[in-house]
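Undergrad: Sharing a structure with you now.
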Amino acid sequence: MHVAHTYQCILAAVLDRAAPVTAPRWQVRNGEFWCEVTPPRYAPRDQGWKLHVSATPASAPQVLERSAAVLVAHGCAFKFAADPRITAELVAVRADRARSGKFLTAYPADDERLRVLAEQLHLATLGLAGPAILSDRRYRPGSLVHYRYGCFARPDELNEEGFYEGRLRAPDGTPVPDRRNPWFSPPPWATEPFPPDERAPGGAGGGTDEQVLLAGRYAVQEAIRHSNRGGVYRAHDTRTGADVFLKEARPHVAADTQGKDARDWLRHEEAVLRRLAPRGITPAAHGIVETGGHLFLVEDLVDGTSLQRWALDPVHTAGEGIPVATARNLALDLARLVGEVHAAGLVLRDLKPGNVMMTTDSRPVLVDLECALDLDERAHPAGTQGFTDPAYLDARKRDASDPPPAPNPHVDCYSLGTTLLYALTGINPVLAPDSPGAPRPAGDRIAAIVTAAAPASPALQALAALVLGLTTEPGRRWTPAEATAFLRDAPATPPVPVPTAAGSDDVEWLLGDGLAFLADTIQPGDTHLWPRPRSLPEGDPCNVQLGAAGVLAVLDRAVRSGRQALRPVLRTAADWLDRRLTGPERALPGLYFGRSGAAWALHDAARTLDDPALASRAREFALRIPLDGKRHDICHGLAGAGLAQLHLWRATADERFAERAACCADGLLSLLTAARNAGDGVDWPAGAEHRDELAGSSLYGFGHGVAGNAAFLLAAGRDLHRPDLLDIAAGGGHALCAVARREADGTARWAKGPGRAERHGMSFWCNGTSGVGTFLIRLWQETGEPLFREYAEGAAFAVHRDRWRLGPGNCHGVSGNAQLLLDLAEATGEEHYRYWAAQAATCLLVRAARRDGRLLVPDDTMREVCASYGVGLAGALDFLLRLRHGGRRSWMVDDR
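So this is what it looks like as structure tokens:
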């Protein structure tokens, strides 16, 4: 019996035992994530108290068999994890805390049956293993049965963000989001279904202000982070007076089929630390304490920051990046650490930047060593995609009941090479897998990245041979000793490689394969025209960001660029979107997450297809998009809607669109004024030359903040002959220049927003530098003010410098950023910007995966390929089409 069908066979046996052959049959629907089971004539409630039963991979078959027997006997609808892989994901360390452990969900018809079912399910599963479900309250202490109040049906209403979200109805009819918090948080009107003396204590809130004292000794001072495995805390040892580090392991999290869980791994990590700490390469362990079944490892607190954050520090990203001398010292230290681990008879398996702490004196220390093994130990493969040798991790896909022996230490050498690659350049070494039939060796793919990226990084130039030697095939892979010898003997100034840029053949290769993929994967009979990205919640299937409209616009550009073979696909996509826009779904105003982009794309496609009737329906739909939203930005709100109305006015000369664009501009200013008066939004530097109308924006970037709002007002002021809007846009430009961070070479960077230090200065379109430059270059074209060109070019320098640090996407990746470079080439006539854009295309080329004979640019996760414009292939193809054939930038209303 194949393991994927185990659960379904258990269910089938339960159903066969429960009912005679002549009885009405239950409906069983197998989905990608859930198997849904409903009784005959099932009429679900909209909302109410429901039950969850937790399980581990080892206990799941018994939990399912016993629970299904109870639920079928009572005629109660339920669902359960579709296969063991999903069960393992639900209890994994990185699982979503709010849904972790929810192996089975039951939907009682009323609260009386809820109480009966809870007791019977509790008794049926008593003694089996399963984690606590953080979003729920336990039915009884130690029970696998939990309960929460929520929606019974799939979410069918779009929230303000453009994603489907469950909506509860308060007693007065008011819709309330069904929020799945990692703590028990029922709506205030929901009456507890169980008397206080029958339910487990706790779980009623998100935390407490009281200080926690563990083992009567460790006073918790700060939660450093939370994960499904448990929290990581800074604490004070009241006996010694020292600050310590506490690492929590929750029961039954990260459980495997042998019954081991995070607590076993924590005990194992303590043993590893006791062996390695005397070598001075890890913190010292001070024992394990237990509270309520949760274990806490106590260890030395390392004062510093992770290598992952250290590599992103502006000190290391400015100019040409990390100095060569610093890079050599880091590489020597890391090689020494790995060599010490191997000398102790261990293999790390999960060396990565997040598992290395850099002390205040720049000394690396190894942390989070639960994956380390004795060389003669056995365990299932573990590690982190991108940093652990893919050949080793791929062994996880093989169905093996017995764990294999520990890997050869050369696995750690691969991790050392990829960790160095990240530390020196910020390059994420994740490789989207090729098709299983003929995958390229990981070392060859890393070598292509290193060769292309080295000209931009003196540190990588100096250590390229080291990174390549550590990541090559296992039989030739360098050891830590060989790495150390290279670092001591290599020349201080290696030859400088010549920068390379993708040529027309490379661009055409990516375009041909990518567009063919879009043609082959269209599914006009499904809810989503192309399969949606699995890494994100389900969103509007019609929008630009994740839905059909963004891909339709790319197909339209391709056909207009001479690729007539795609015309039938364009026709199919346009007809699908046309039909779907007539549905009853909520129409949000935004350009990317709302329906304004859908109307824009459909109208453009109708003109390309020479279909006046379709164009007319697209215009009528655009005129029905509501303009009374509460969001102001390009992605979700009035600024985005206004751009679409301007575009349609210019395309049709229909004055109704001009009037609606003006309505958007005035509404946007009203929203920003209200936000500014309420104390929300950005703060401009005192004394800077600017107007403050745009200070009601909360962020700086194009998708969500000042730059996008100002870009719309700039276009509206120009086209509608509104000098007041032009003045406001110019004031926003001056203010953005005033808050930029300038570097010595002229590079300009912007944070996400005031006081927003996360990933400071990263060059994103939606939030940050790339989007600000997108606005400023257009403001320079309109006003001729040299300051705006100066800062736009400074943004372009940042975009060019950061191209290797980002993923391939449009919203916050290389493809969207490279559009700014093409903007600069067109606006200034400076051809080096076009060459920089071609270099950005090289980033896409060396990242691409080979799938079924095609070279395809992966999505933002760099693990999968999806069609979506904002995070996937379509956004990359839009950039490549513009690079190859020229033309305007998509979703902009530029004066030509």
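Residue numbers (full-length UniProt numbering): 1 to 896.
Just so you know, even glycine gets a beta-carbon here, dropped at the ideal spot from N, CA and C.
Just so we're clear, the structure is a prediction, and the values are computed from it rather than from any experiment.
Identify whether Leu420 lies in helix, strand or coil by the three-state DSSP scheme.
TA: Three-state result, Leu420: helix.
Undergrad: Nearest to Ala876 by CA position, among Arg563, Arg154, Val814 and Pro187, is which residue?
TA: Here the closest residue by C-alpha is Val814.
Undergrad: Can you give me the Cβ contacts of Val14 inside the same chain, cut-off strictly under 7 Å, excluding the 5 residues immediately before and after it?
TA: Hits under 7 Å: Glu65, Ala68, Ala69 and Val72.
Undergrad: In angstroms with no decimal places, state the Cα-to-Cα distance between Arg217 and Ile288.
TA: Those two C-alpha atoms are separated by around 12 Å.
Undergrad: Using CA atoms only, rank isn't needed, just tell me which of Ala695, Thr282 and Ala661 is closest to Ala675.
TA: The candidate whose alpha carbon is nearest that of Ala675 is Ala695.
Undergrad: Below 8 Å, can you find three or more Cβ-Cβ pairs linking the stretch 852–859 to the stretch 514–531?
TA: With a cut-off of 8 Å, the stretch 514–531 and the stretch 852–859 count as touching, because enough Cβ pairs lie within range.
Undergrad: Check this for me: beta carbons of Val232 and Ile224, under 7 Å apart or not?
TA: Yes, they are a contact pair.
Undergrad: Pick from Tyr592, Asp745 and Ala106: whose alpha carbon is nearest that of Glu119?
TA: Among Tyr592, Asp745 and Ala106, the Cα nearest to that of Glu119 belongs to Ala106.
Undergrad: From Val467 to His410, what distance separates their C-alpha atoms?
TA: Answer to the nearest angstrom: the Cα atoms are 13 Å apart.
Undergrad: Would Asp374 and Gly345 be called neighbours here (beta carbons separated by less than 7 Å)?
TA: Result yes, Cβ atoms of Asp374 and Gly345 sit closer than 7 Å.
Undergrad: If you draw a straight line from the alpha carbon of Glu112 to that of Leu90, how long is it in whole angstroms?
TA: Taking the straight line joining both Cα atoms gives about 29 Å.
Undergrad: Around the C-beta of Gly886, are 16 or more other C-beta atoms found within 10 angstroms, so that it is buried, or is it exposed?
TA: With fewer than 16 other Cβ atoms within 10 Å, it is exposed.
Undergrad: Considering Leu856, what are the terminal residues of the beta strand (DSSP E) in which it resides?
TA: Run containing Leu856: Arg854 to Leu856, per the beta strand (DSSP E) assignment.
Undergrad: Can you look up Asp374 in the DSSP assignment and give me helix, strand or coil?
TA: Correct three-state label for Asp374: strand.
Undergrad: What's the C-alpha gap between Gly640 and Ala715?
TA: Each residue's Cα considered, the two are about 12 Å apart.
Undergrad: Look at the Cβ atom of Leu134, then the Cβ atom of Arg97, and state whether they are nearer than 7 Å.
TA: Yes, these two residues count as a Cβ contact at 7 Å.
Undergrad: Run through the stretch 586–627 for me and flag every whole alpha helix (DSSP H) of 4 or more residues, listed as ranges in chain order.
TA: Qualifying alpha helix (DSSP H) stretches, in chain order: 596–608 and 612–624.
Undergrad: Report all residues from its chain with a CB closer than 8 Å to the CB of Gly205; omit the five preceding and five following residues, and keep chain order.
TA: Any answer about Gly205 is weak, because its pLDDT of 42 lies below 50 and its placement is not dependable; what the coordinates show is given next. If we look at Gly205 and ignore the five residues flanking it on each side, its Cβ neighbours are Trp183, Phe184 and Ser185.
Undergrad: With respect to the beta strand (DSSP E) encompassing Tyr233, which residues constitute its N-terminal and C-terminal limits?
TA: Looking at the DSSP string, the run of the beta strand (DSSP E) that includes Tyr233 is Gly230 to Asp237.
Undergrad: Mark Trp530 as exposed unless 16 or more other C-beta atoms lie within 10 angstroms of its C-beta, in which case mark it buried.
TA: Result: buried.
Undergrad: Ignore the nearest five residues each way along the sequence and tell me which others in Thr257's own chain have a CB closer than 7 Å to its CB.
TA: Correct list, in chain order: Pro57 and Ala58.
Undergrad: Using the three-state DSSP reduction, which class does Gly207 fall into: helix, strand or coil?
TA: Low local confidence applies: a pLDDT of 47 at Gly207 is under 50, so the model's placement there is unreliable, and no value is given.
Undergrad: Tell me His146's beta-bridge partners as DSSP assigns them.
TA: Paired residue(s): His52 and Arg138.
Undergrad: If you scan the stretch 731–778 from start to end, which runs of the beta strand (DSSP E) of 3 or more residues do you find wholly inside it?
TA: For the stretch 731–778, not a single whole beta strand (DSSP E) run of length 3 or above is found.
Undergrad: Could you round the C-beta distance between Pro353 and Ser415 to whole angstroms and report it? I think they count as a contact, below 8 Å.
TA: About 10 Å separates the two Cβ atoms, so there is no contact after all.
Undergrad: Tell me which same chain residues have a C-beta within less than 6 Å of the C-beta of Pro685, skipping the five on either side of it?
TA: Excluding sequence neighbours, Pro685 sits near Ala738.
Undergrad: Start and end of the beta strand (DSSP E) containing Glu290?
TA: Where Glu290 is concerned, the enclosing beta strand (DSSP E) stretches over Ala285 to Thr291.
Undergrad: Scan the stretch 12–89 and note each continuous beta strand (DSSP E) run of 3 residues or more that stays entirely inside, going in chain order.
TA: Whole beta strand (DSSP E) segments, 3+ residues: 27–30, 34–38, 47–53 and 77–81.
Undergrad: For Gly130 versus Ala55, is the C-beta distance shorter than 7 Å?
TA: Yes, the Cβ-Cβ distance between Gly130 and Ala55 is below 7 Å.
Undergrad: Kindly confirm or deny that the stretch 635–654 and the stretch 587–598 touch, where touching means at least three C-beta pairs closer than 8 Å.
TA: Because the criterion of three Cβ pairs below 8 Å is met, the stretch 635–654 and the stretch 587–598 touch.
Undergrad: I'd like the list of long-range same chain contacts for Cys35, defined as Cβ closer than 8 Å, with 5 residues on each side in sequence excluded.
TA: Tyr7, Gln8, Leu11, Val28, Arg29, Lys79, Phe80, Ala81 and Ala82.
Undergrad: CB-CB under 8 Å to Ala740, same chain, minus the five flanking residues each way: which ones, in chain order?
TA: Answer for Ala740: Ala748, Arg749, Trp750, Val772, Tyr791 and Gly794, listed in chain order.
Undergrad: Whose C-beta lies closer than 6 Å to the C-beta of Ala818 among residues of the same chain, with five residues either side of it excluded?
TA: Once the five neighbours on either side are set aside, the close Cβ partners of Ala818 are Ala837, Ala840 and Phe879.
Undergrad: Can you list the beta strand (DSSP E) stretches of 3 or more residues lying completely in the stretch 540–566, in chain order?
TA: Within the stretch 540–566, no complete beta strand (DSSP E) run reaches 3 residues.
Undergrad: In whole angstroms, give me the CA-to-CA distance for Asp578 and Glu620.
TA: Asp578 and Glu620: Cα-Cα distance of roughly 11 Å.
Undergrad: Tell me the rounded alpha-carbon separation between Ala481 and Leu424.
TA: Approximately 20 Å, taken between the alpha carbons.
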